[in-house]
Each structure stands twice: as structure tokens, then as C-alpha cells.
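In the numbering used here, the protein residues as written are 74 to 270. Report on one structure; see the data block that follows.
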């Protein structure tokens, strides 16, 4: 049993480490390649205090549950679904960043720059906020991959609420920048986050 426990934990935690590392370093490298070294800071790694606390709680849940209820972590089909969500979320988010190029930033623009264009092609043809959609799928997928029921629910609720507020704020400015062009785009293109119009 101890060997299975160790093997399961090693696989899950390695997958989690790789998923988190790839996500953050690829965000940083893409930001560097698109915006240049002068316009990118360590904040482009997207690691905040709240994020570290959330990931810490997720790891704590995993370690407690694997010691108390080890069979709970042996659901490889569920874990594989989570891993698939991580990959799909990454692909959607990175497609959004690459497609939007200089129009994609980690901070919401409150002034329209010269190079800020309304992107409606590529993945943006199908999803209005693919970066947010990808992150929601990725973050919830990390917890399903670990078979963490509490963190899965918590991540889904917290990330959804964050994007619900952020999208309202961001779309206020997008409507100011692009007027009726954005209105028409928003009417025909789903948001990408469930229950947000």
C-alpha cells in the first residue's frame, strides 16, 4: 500500500509541478517575445499572494486526503480528465495570447493605445475571452487532476467570480474603445465563461 501511495503521490505531484511550471514560464516567455524585455516584469509570471495561498491549500488538501483516504486519489479516469482539462486550457489560453499578440496584456487597459486593435479572428471568432476561458479550464483541471474535491469546487467558484467581475470591468473599456464594433462582436460571440453573457 505504501508503494502505491508513494507512486500515486509522485505521479500526481509531478504532473501538478509540470503543469504549474509550464503555465507560468510560458506566460512569461510569451509576454517577453510579444511585448519586449522593457515592458515585461516578474508580474508577468502571474503569481500573486492569493494564488500562492490557493495552491498551498490545494497541496494541503491533497496531502491530507492521500494520507487519510488514499483510495480517493486512485481514480485515474478522473485524474486523466483533469490532465486533459489542463492541456486544453493551456492550448486555449496560449492561442488567445498568440492570436491577440500586442493587444493581449495581463493588465486591463483603461486607455486605448495606438496598437490596440479589436481582435475577432482565430480563437476570438468563437470565444470572446479565450484567455479567461483557458485559465478557468486549466485551474479547475489542476484540481480534478489531483482528485481534490474541495479545491475543485473552491477554484471553480473563486476563478469564476474573479472573471465575472473582471470581464464587466474590461468590457466597459472595450465598449468605450471600439463602440458599436465591440457591441456587435459581443452580441454574436459567447464569452467563454459559463453564465456570463
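Beta carbons: idealized from backbone N, C-alpha and C, even for Gly. Computed from a predicted structure; not experimentally measured.
Own chain residues within Cβ distance below 6 Å of residue i, not counting five before or after
i: residue 233; result: none
i: residue 193; result: 258
i: residue 229; result: 213
i: residue 142; result: none
Own chain partners of residue i with C-beta closer than 7 Å, once the 5 adjacent residues on each side are dropped
i: residue 191; result: 251, 254, 255 and 258
i: residue 134; result: 221, 223 and 224
i: residue 146; result: 81, 85, 138, 139 and 220
i: residue 183; result: 246
i: residue 120; result: 97
i: residue 185; result: 250
Cβ neighbour criterion (16 or more within 10 Å) applied to residue i
i: residue 95; result: exposed
i: residue 74; result: Note that residue 74 has pLDDT 44, beneath the 50 cutoff, so the model's placement of it is unreliable and the number below is only indicative. Burial call: exposed.
i: residue 166; result: buried
i: residue 152; result: buried
i: residue 180; result: exposed
i: residue 150; result: exposed
i: residue 209; result: buried
i: residue 236; result: buried
i: residue 187; result: exposed
i: residue 158; result: buried
Of the residues the options, the one placed nearest residue i, counting alpha carbons only
i: residue 238; options: 270, 101 and 103; result: 270
i: residue 216; options: 98, 80, 103 and 129; result: 129
i: residue 206; options: 218, 160 and 122; result: 160
i: residue 211; options: 155, 248, 90 and 104; result: 155
i: residue 90; options: 218, 236, 123 and 79; result: 218
i: residue 196; options: 112, 236 and 162; result: 162
i: residue 88; options: 113, 132, 170 and 186; result: 132
i: residue 103; options: 171, 114 and 126; result: 171
i: residue 93; options: 114, 124 and 79; result: 124
i: residue 231; options: 141, 143, 127 and 164; result: 127
i: residue 189; options: 99, 101 and 249; result: 249
Residue i at chain C interface by Cβ criterion, 8 Å
i: residue 256; result: Of the chains in the structure shown, none is chain C; there is only one protein chain.
Sequence-distant residues of its chain with Cβ nearer than 8 Å to residue i (five each side left out)
i: residue 240; result: 202, 205, 264, 266 and 269
i: residue 242; result: 181
i: residue 244; result: 255 and 259
i: residue 164; result: 207
Contact the region 198–217 vs the region 253–266: 3+ CB pairs below 8 Å
Here the region 198–217 lies against the region 253–266, with 3 or more beta-carbon pairs under 8 Å apart.
Does the pairing of the region 101–112 with the region 173–182 give three or more beta-carbon distances under 8 Å?
Contact between the region 101–112 and the region 173–182 is present, because at least three Cβ pairs lie under 8 Å.
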